[in-house]
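Undergrad: Please read through the structure below; I'll follow up with questions.
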Amino acid sequence: MGAFADGMGARGLAAAALLALAACINGELPDPDPEVTGLPGPAAAASAVQSQSSKDLELYYLRVENDLLARGLLRVDGGGPDVPYTARNLAENFAAIALAEELRVENGRVLPGRPLISLRRWQGPIRFGIHFGDTVPEAIRISDRAFIEGYVKRLERITGHPMAVASSRTNFDIVILHEDQRLAVNPILQRAGVIPSRGMIDAIAGMSRNDYCAVLTEDRKNDGVITNALAIVRAEHSETMRRMCYHEEIAQGLGLFNDSPRARPSIFNDDEEFGRLTTHDEMLLKILYDPRLRPGMPAVAAETMAIVIANELVGGES
């Protein structure tokens, strides 16, 4: 997974994170009211038909998931005695994950990322919008909405930052859709109330099948304050994989933009050992939203304070 930035106007989004799980596996592996969500409602979903290419993609992702599970990956236990970590580990992982990006977009090109010069996170309340494409079955809409609502409540408890699922005036939108709709995402985003930039459309339309889901965030004033976010989750995924996407992409949209191969136990690691937010990741969020840190804070100062907070949370080696 990587995080990348692109200059975007209006309600266009200025930074993005893509999740590319298959690239880390084996290269051989082949309800809401439409007036509110901006997407077709249940009536439209009942008559919509999933394309054959989308069904083929669904089978591919199932094979990938089965391979991961067969190798003991996608753990949902949150970490345990087999994956200990110290305060020093936690602080170093915070610096690697919250104070860096893996990829960025300039002039329509995806380029290697770079360290951030300042901390980015939300300052005002977060209002999540959940939007489904018209080919997503009603049963999935109901179960996924409930899952996201529960996860958002958990994140609010962890961070102490106000957030909730809302039906209007949303600033963090989650769109779950099948392949055909992803390839024609512009009108869908517009109907959901997002004015997409060219760079944003290119990033979403350019997702390969190895890019399982994505989140893009906006810092309108370039002052470190995240003001809007958009997550894209492929509806071809099974429940297990969609929930993994929700866990990682929503947390990334809060400001944990990067992955690190040294982070363990963590969902922010391309080895896919964990498929849910871990206790380690919860502590990363506690550090990020600690009042001693602030949006726009110089990265060096944030990293220094993170060491203090990590020792308070974990104790021991610093």
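In terms of the working numbering, the sequence shown opens at residue 713 and continues consecutively.
All C-beta atoms, glycine included, are put in the ideal place defined by N, C-alpha and C.
1) Return the CA-CA distance between Asp982 and Ile886, expressed in angstroms with no decimal places.
2) Rounded to whole angstroms, what is the Cα-Cα separation between Ile938 and Leu831?
3) So for Gly841, helix, strand or coil by DSSP?
4) Could you check whether the stretch 835-845 touches the stretch 866-885, counting it as contact only if at least three pairs of C-beta atoms, one from each stretch, sit closer than 8 Å?
5) What three-state label does DSSP hand Leu928 in the structure shown?
6) Given a cut-off of 9 Å on the beta-carbon distance, is the pair Asn805 and Ser978 in contact?
7) What three-state label does DSSP hand Ile979 in the structure shown?
8) Between Tyr797 and Arg921, is the Cβ-Cβ spacing less than 9 Å?
9) Quick test of your reading: Leu681 and Lys998, contact by CB under 8 Å. State the CB separation rounded to the nearest angstrom.
10) Pull the bridge partners of Asp885 from the DSSP assignment, please.
11) Does the stretch 886-902 come within contact of the stretch 943-961, defined as at least 3 CB pairs closer than 8 Å?
12) Can you round the beta-carbon distance between His959 and Arg988 to whole angstroms, since I take them to be within the 8 Å contact cut?
13) Closest by CA to Thr952, which one among Arg976, Tyr924 and Arg869?
14) From which residue to which residue does the alpha helix (DSSP H) around Ala760 run?
15) When DSSP labels each residue in this structure, what does Ser830 get in the three-state scheme?
16) Do you know offhand how far Leu786's Cα is from Gly1008's?
17) Between the C-alpha atoms of Ala732 and Asn801, what's the straight-line distance to the nearest angstrom?
18) Kindly indicate which three-state DSSP category Ala1013 falls into: helix, strand or coil?
19) By DSSP's criteria, Phe986 is part of a beta bridge. Which residues make up the other side?
20) Looking only at DSSP bridge pairs, what is Met875 linked to?
21) Can you check DSSP and say which residues form a bridge with Val937?
TA: Reading from the atomic positions:
1) Taking the sequence shown and counting its residues from 1, one reaches residue 982 at position 270. Taking the sequence shown and counting its residues from 1, one reaches residue 886 at position 174. Spanning the two alpha carbons is a distance of roughly 22 Å.
2) The residue labelled residue 938 in the question sits at position 226 within the sequence shown. The residue labelled residue 831 in the question sits at position 119 within the sequence shown. One Cα belongs to Ile938, the other to Leu831, and the distance between them is close to 10 Å.
3) Here residue 841 is taken as the residue at index 129 of the sequence shown, counted from 1. Note: Gly841 maps to strand in three-state DSSP.
4) Counting Cβ pairs under 8 Å, three or more are found: they touch.
5) Working through the sequence shown from its first residue, we reach residue 928 at position 216. DSSP places Leu928 within a strand segment (E or B) once states are collapsed to three.
6) Along the sequence shown, read from residue 1 onward, the residue named residue 805 stands at position 93. Along the sequence shown, read from residue 1 onward, the residue named residue 978 stands at position 266. Taking the C-beta atoms as reference points, Ser978 is found nearer than 9 Å to Asn805.
7) Locating residue 979 in the sequence shown gives position 267, where the first residue counts as 1. Coil.
8) By one-based count along the sequence shown, residue 797 stands at place 85. By one-based count along the sequence shown, residue 921 stands at place 209. If you check the CB distance, Tyr797 and Arg921 do not come in under 9 Å.
9) Given a span of 713 to 1030 for the chain in the structure shown, any question on residue 681 remains unanswerable.
10) Your numbering for residue 885 matches position 173 in the sequence shown. Answer is Gly841 and Leu942.
11) The stretch 886-902 is in contact with the stretch 943-961.
12) Mapped onto the sequence shown, residue 959 falls at position 247. Mapped onto the sequence shown, residue 988 falls at position 276. Rounded to whole angstroms, the Cβ separation of His959 and Arg988 is 5 Å, and the two are in contact under 8 Å.
13) In the sequence shown, counting from the first residue as 1, residue 952 sits at position 240. The shortest C-alpha separation from Thr952 is found at Tyr924.
14) As a working note, residue 760 is residue 48 in the sequence shown. Element bounds for Ala760: n/a, residue is neither H nor E.
15) Here residue 830 refers to the residue found at position 118 of the sequence shown. In the structure shown, Ser830 falls within a strand segment according to DSSP collapsed to helix, strand and coil.
16) For the purposes of this step, residue 786 is identified with residue 74 of the sequence shown, where counting begins at 1. For the purposes of this step, residue 1008 is identified with residue 296 of the sequence shown, where counting begins at 1. The alpha-carbon separation between Leu786 and Gly1008 amounts to approximately 34 Å.
17) What you label residue 732 is simply residue 20 of the sequence shown in a count that begins at 1. What you label residue 801 is simply residue 89 of the sequence shown in a count that begins at 1. Any reading at Ala732 needs caution, since the residue's pLDDT is 29, under 50, leaving its predicted position unreliable; the model's value is listed next. Using only the alpha carbons, I get a separation of about 24 Å.
18) For the purposes of this step, residue 1013 is identified with residue 301 of the sequence shown, where counting begins at 1. If DSSP states are grouped into helix, strand and coil, Ala1013 belongs with the helices.
19) Sequence index remark: in the sequence shown, residue 986 carries index 274 (1-based). Arg787, per the DSSP bridge assignment.
20) For the purposes of this step, residue 875 is identified with residue 163 of the sequence shown, where counting begins at 1. Note: Met875 sits in a beta bridge opposite Ile838.
21) The residue labelled residue 937 in the question sits at position 225 within the sequence shown. Its beta-bridge partners are Arg833.
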